[in-house]
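Numbering (our numbering), first residue to last: 10 to 157.
The C-beta atom is built at its ideal place from N, Cα and C for all residues, glycine as well.
What you are looking at is a predicted structure, and each value in this text was computed from that prediction instead of being measured.
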């Protein structure tokens, strides 16, 4: 027979595991998007100079080239694939690049609804999940032979 304490500890263990799963899924899903559109040089905003694609690092250039080579399509990357000079966040931002003689507007987007807060929330879920697993598992282990 399972005691009430064992049942409560098992429930705490399950809740902790669910919180861990939710935290890991939030950390893994953040995507940062890039959508390119060709523009005329005259369409450039006065307050922004275009970034030369050739001046970017090799990894940044791959992302920008992928977006420019597929205008209108979304190119998504994980957090480690973000283009250094670009800004990301809850709202999308426009960045201007030049490749050869061609100009492009690249619109960037954050990692979902929570964007900047998703990582904080994920770490909170992971912390509470770890506490729940440790507390529930330890109590189950200590009371493994007891029945009420």
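- The bridge partners DSSP lists for residue 46 are 114.
- In the DSSP assignment, residue 148 falls within the alpha helix (DSSP H) that extends over 127 to 151.
- One alpha carbon belongs to residue 104, the other to residue 32, and they sit about 32 Å apart.
- Cβ-Cβ separation between residue 73 and residue 65: approximately 6 Å, consistent with a contact (criterion under 8 Å).
- For the 8 Å CB-CB criterion, residue 41 and residue 138 do not form a contact.
- Taking 8 Å as the upper bound for CB-CB distance, residue 59 and residue 92 are not in contact here, some 14 Å apart.
- Membership of residue 103 in the beta strand (DSSP E) is indicated by the continuous run 102 to 108.
- Remark: C-beta atoms of residue 48 and residue 108 do not approach each other more closely than 8 Å.
- The beta carbons of residue 112 and residue 67 sit no closer together than 8 Å.
- Taking residue 81 as reference, the option from 44, 110, 70 and 69 with the minimal CA-CA separation is 44.
- Between the alpha carbons of residue 28 and residue 146 lies a distance of about 15 Å.
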